[in-house]
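**Student:** The listed protein sequences derive, respectively, from chains A and B.
First residue of the first sequence: 722, per the working numbering; consecutive thereafter.
First residue of the second sequence: 222, per the working numbering; consecutive thereafter.
Note that the Cβ used here is the ideal one computed from N, Cα and C, for glycine as well.
These figures come from a predicted structure and were not determined experimentally.
Just dropping this structure here.
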Amino acid sequence: MDFGFSDDQEALRQSAREVLTDKAGPAVYRTAMDSKTGTDEALWKTIGDLGWAGVAIDEAHGGLGLGLIELVILMEETGRALAPVPFFSTVALAGQLLEQTSGGGRDEALRAIASGGRATAALGQKDGRYDAAGVSVKAARTENGWKFSGTASLVPEAHLADLIVVVARTTRARNPEEGLSLFLVPATALKSKPKPQPSLDGTRRLADVKLGGVQVPADSLLGQEGSAWPLVARALDRTAVLLSAEAVGVATATLERAVAYARERMQFDRAIGSFQAISHRCADMLLVTETARSHVYYAAWALEEGAPDARLAAATAKAAASDAARIVANGSIQVHGGIGFTWEHEMHLFFRRAKFCELFLGDASLWRERVATALAS
Amino acid sequence: MDFRDTPEEAAFRKEVRDWLEANLDREQIQTQLSVGPPEERIDNLRAWQGKLHEGGWAGVSWPKEYGGRGAPLMLQAIFYQEMARSKAPAPINVIGLGMAGPTIMVHGREDQKQRYLSKILSAEEIWCQGFSEPGAGSDLGALRSSAVLDGDHYVINGQKVWTTLAHVAKWCIFLARTDPDAPKHKGITYFLVDMESPGVEVRPLRQMTGTAEFNEMFFTDVRVPRENILGDLNDGWRVAMTTLMNERGTLGFALSVQARIALDELINKAKTLKRNGKPAIDDPVIRQRIAQLHVEIEAMRLSGYRALSTVIRTGVPGPEGSLGKLLWSESMQKLTDLAVELYGPAGLTTDWKGDADLKRWQFAHLRSRGNTIEAGTSEILRNIIAERVLGLPRHR
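As structure tokens, this is what we get:
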């Protein structure tokens, strides 16, 4: 048993932190948030040059051939630095779906991601559901390909993506987990460019992808027709763990700021961090953050190794990390007092990213219910 | 990162399992080791530790020269996991093994190590801990017991409280003030006191569970030889910190396994007990609470591994142990609260029509109130986390 990172993994974390300390952070986030697209093109190029997006993609497709643990490290670090780039949507969402499938343009798409392309996934969900029954986009065969109907909503970074992995229903089935298929849709095939909704996290914008009438060639199908759900579910477990890693990174950086402020801020002639009302709240924030971190590392390892409790571990990690994100973001604003509530202060930037990590793919209650289902069976 | 046992660890785990299988008398556990007033069980438990010692298990990570196995800490942790998994009674000499022994190894003279350590392992001599006093609980530095030099002896006077095993202990690790004029934490000395000395009186202290695990101790003109100081005169606070750091050591691995067993039992209960006519396990709120307990109990297991990896890599137990104890104690209260709630109004009884499970849950429910108080209250642990892990200024 060894609960630690290898020297190479530590080195990756170190170099990621150095790059992001230099090129990301709250000020960069704020600029991106106020920009038209909500992203930092220069930072994305840097990340592309460093090969981060291809860390877990095999070498045959232009990646580094490493694994989920390395991606966890990078997600944690991009979270810490509030990096305003579509790393999550490209690597954790589209990348994981592509990894699970085969055929079609899969290999080419991975190659595109490894060399700096941007991607996302349209899970086709309505009403915020992430299960099979929530998929509302449909695809039907045509003479020389497929034609979609419906709109995928709340797709992260769809306005930035060159490639969109789409989950669509191709056959009506009594069991909603049957009859779903995966497609690779280039942004150029869309009839209208996705227009993001005004988003709480202005650097992680959510857009509707209008797929009605969109046609793609036959080889856009990824994997077997009608049997996509098991691999989508598998991919989303990995996505959830990666998003949880980002949540842990955000929570860590947020708490560090709250603690630093509590050390410096004087009231009643003493640092407010000497008051137990403050220090105990900080201790509790550390507890939920470190708890979530342990869950994330374990889940990443379990998924990578195919451990029997891997799905349960992923659900546990997302539940813990969603709670940690909220608890630490709320608590840290409170520790800062009035200044932490202002637009000028950086606390709300961390709050916004934390909220994305908390709610996307389902909140703590949703994942706890999955934990309960696994335990009760 | 690898959460599997190494081949060496797996072989050791199997060895422990096989040994426990062969040597654990299930019937004896039921009849003699886990029920009845503690004093009647002591002899049996002492014999059980003797058996563990003969098997070479009493001090898995203790150096060979003091009768241990000299094995890595990870194997010690595995031993406690397997003990808990097989529901074997813990070694009776828990204070000796977990606190007095490790402190003597760090601060003791060679003759002290030779004198005390092997008898800790065999449980021939049981130890207790004389730290807390009526006026010095969380604020341990406020202790008032005094030791005054008289010839070759120190004369000790004072009162101690919450002393587990005092009524059967041969030795006591005892903190007394030797310099009344020094600042609070400076003038304290760490003594090894023979409990058979004249002037030592032990009275049982009954807890809210109805049983008496603890005692209070009265020391009146107790004469302790000078050579029974552990470490240096007036340096007792530093020595005591070694003891308290060890208090939250690998034993946590047993606690997290016990918590997991308790949660599994609770889930089974929730399948049979009804709530509004349906199995409680179908109730969404109950499901959320069970899932949250899983999050916390699994975190305990993983935090234990993380803390142990830190010790193995850096050589020192970090204050991370405080996180584990805080998590364990608060989760155990939530778990036993839920268990009793599942019974509905029958949870108001301590024995509902002979339901042995309810009887055990009720005991655990009451007993767990002490979990957030003993071995560092949750408030003290949060102070430690805030000050030593987060680096916040000292509270006032």
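1. Any residues in the region 273-295 of chain B with a beta carbon nearer than 9 angstroms to a beta carbon of chain A? Which ones, in chain order?
2. In whole angstroms, what is the alpha-carbon distance linking B/K492 and A/S727?
3. Indicate the three-state DSSP secondary structure (helix, strand or coil) for B/N455 in the structure shown.
4. Quick check on B/I411: does DSSP put it in helix, strand or coil?
5. Could you name each continuous beta strand (DSSP E) segment of 3 residues or more that falls completely within the region 915-951 of chain A, going from the start of the chain to the end?
6. Between the C-alpha atoms of B/F224 and B/Y526, what's the straight-line distance to the nearest angstrom?
7. Could you tell me which chain B residues have their CB closer than 7 angstroms to the CB of A/V1049, listed as they occur along the chain?
8. Would you say B/R496 reaches chain A, if we count a Cβ-Cβ gap shorter than 8 angstroms as a contact?
9. Between A/R839 and A/A966, what straight-line distance do the alpha-carbon atoms span, to the nearest angstrom?
10. Could you check if A/M796 is buried or exposed, using at least 16 other CB atoms within 10 Å of its CB as the buried criterion?
11. Below 8 angstroms between beta carbons: does that hold for A/E1079 and A/S1053?
12. Could you please tell me which residues of the region 507-519 of chain B, in chain order, have their CB closer than 7 angstroms to any CB of chain A?
13. In three-state DSSP terms, what is A/Y1018?
14. May I ask you to report which of helix, strand or coil DSSP gives B/Q350?
15. For B/T384, which option in B/P401, B/R424 and B/V376 has the closest C-alpha, if you only look at C-alpha atoms?
16. Would you kindly check if the distance between the Cβ of A/G769 and the Cβ of A/I778 is under 8 angstroms?
17. In chain order, what residues of the same chain lie with their CB nearer than 6 angstroms to the CB of B/S359, ignoring the 5 residues before and after it?
18. How many whole angstroms separate the CB atoms of A/A753 and A/T924, which I take to be in contact at a CB cut-off of 8 angstroms?
19. If A/A972 and B/R603 are in contact, beta carbons under 8 angstroms, what's the gap, nearest whole angstrom?
20. Could you give the first and the last residue of the continuous beta strand (DSSP E) run that contains B/F435?
21. May I have the straight-line CA-CA distance separating A/I885 from A/I834, to the nearest angstrom?
22. So if I threshold CB-CB distances at 8 angstroms, which residues from the region 978-996 of chain A count as touching chain B?
23. Taking B/I394 as the reference, which of B/T593, B/I316 and B/N592 has the closest Cα?
24. Does the beta carbon of B/E230 come closer than 8 angstroms to any beta carbon on chain A?
25. Determine the DSSP secondary structure at A/Q1055, reduced to helix, strand or coil.
26. Taking contact to mean 3 or more Cβ pairs, one atom from each stretch, closer than 8 angstroms, check whether the region 562-575 of chain B and the region 944-963 of chain A are in contact.
27. Please tell me whether B/E354 and B/V389 are closer than 8 angstroms, where the distance is taken between their beta carbons.
28. Apart from the five residues just before and just after B/R218, which ones in its own chain have a Cβ nearer than 6 angstroms to its Cβ?
29. Provide the residue(s) that pair with B/D223 in DSSP beta bridges, ordered along the chain.
30. Inspect the beta-carbon positions of B/L318 and B/G280 and report whether they are closer than 8 angstroms.
31. Leaving out five residues before and five after B/F300 in sequence, what residues of the same chain have Cβ atoms less than 7 angstroms from its Cβ?
32. From this set, B/I313, B/E275 and B/K308, which residue's C-alpha is nearest B/D264's C-alpha?
33. Under 8 angstroms, Cβ to Cβ, is there at least one residue of chain B near A/T662?
34. Of all the options B/L294, B/R290, B/Y287 and B/W240, which has the alpha carbon lying nearest to the alpha carbon of B/K272?
35. Could you tell me which uninterrupted beta strand (DSSP E) segments, each at least 3 residues in length, are contained entirely in the region 313-379 of chain B, listed from first to last along the chain?
36. Which ranges does the alpha helix (DSSP H) cover as unbroken runs of at least 4 residues, wholly within the region 830-869 of chain A, from first to last along the chain?
**Tutor:** According to the data block:
1. Residues of the region 273-295 of chain B whose Cβ lies closer than 9 angstroms to any Cβ of chain A, in chain order: M295.
2. Straight-line Cα distance between these residues: approximately 43 angstroms.
3. In this structure, DSSP gives B/N455 a state outside helix and strand, which the three-state scheme calls coil.
4. Strictly speaking, residue 411 of chain B in this sequence is Tyr, with Ile absent from that position. In this structure, B/Y411 counts as strand in the three-state DSSP scheme.
5. Counting only runs that start and end inside the region 915-951 of chain A, the beta strand (DSSP E) elements of at least 3 residues fall at 927-931 and 936-938.
6. Cα to Cα, the separation comes out at about 9 angstroms.
7. Those within 7 angstroms of A/V1049 in chain B number zero; the least Cβ separation is about 13 angstroms.
8. Interface flag for B/R496 against chain A is unset, since no Cβ pair is found closer than 8 angstroms.
9. When rounded, the separation of the alpha-carbon atoms in A/R839 and A/A966 is 20 angstroms.
10. Around the beta carbon of A/M796, a 10 Å sphere encloses 16 or more other beta carbons of the protein chains shown; the residue is thus reported as buried.
11. In this structure, A/S1053 does not lie closer than 8 angstroms to A/E1079 by Cβ.
12. Answer in chain order: R508, Q509, I511, A512, Q513, H515, V516 and E519.
13. Three-state DSSP puts A/Y1018 in a helix.
14. The answer is strand: DSSP assigns B/Q350 an E or B state.
15. Taking only the C-alpha atoms, the option nearest B/T384 is B/R424.
16. Their beta carbons are not under 8 angstroms apart, which means A/I778 does not touch A/G769 by this criterion.
17. Within its own chain, the residues whose Cβ lies closer than 6 angstroms to the Cβ of B/S359, once the five positions on either side in sequence are excluded, are T598 and I601, listed in chain order.
18. About 5 angstroms separates the beta carbon of A/A753 from that of A/T924, a gap short enough to meet the 8 angstroms contact definition.
19. Actually they do not touch by this definition, with Cβ atoms about 18 angstroms apart.
20. Counting along the chain, the beta strand (DSSP E) containing B/F435 begins and ends at F435 to P446.
21. Between A/I885 and A/I834, the C-alpha separation is close to 12 angstroms.
22. Of all residues in the region 978-996 of chain A, the ones placed with a Cβ closer than 8 angstroms to any Cβ belonging to chain B are V980, A983, R984, R991, A992, G994, S995 and F996, in chain order.
23. Nearest option by C-alpha distance: B/I316.
24. With its beta carbon less than 8 angstroms from one in chain A, B/E230 belongs to the interface.
25. Reduced to three states, the DSSP call for A/Q1055 is helix.
26. Taking a cut-off of 8 angstroms for Cβ pairs, the region 562-575 of chain B and the region 944-963 of chain A do not touch, as fewer than three such pairs fall below it.
27. The answer is no: Cβ separation not under 8 angstroms.
28. Because chain B spans 222 through 617 in this model, residue 218 of chain B falls outside it and cannot be assessed.
29. B/D223 pairs with A/D723.
30. In this structure, B/G280 lies closer than 8 angstroms to B/L318 by Cβ.
31. Contacts found: V237, W278 and V281.
32. When B/I313, B/E275 and B/K308 are compared, the shortest CA-CA separation from B/D264 is found for B/I313.
33. With chain A covering 722 to 1098 only, the question about residue 662 of chain A has no answer from this structure.
34. Comparing Cα-Cα distances from B/K272 to each of B/L294, B/R290, B/Y287 and B/W240, the minimum goes to B/W240.
35. Those beta strand (DSSP E) runs which fall completely within the region 313-379 of chain B and span 3+ residues are 348-351 and 367-371.
36. None, since the region 830-869 of chain A contains no complete alpha helix (DSSP H) of that length.
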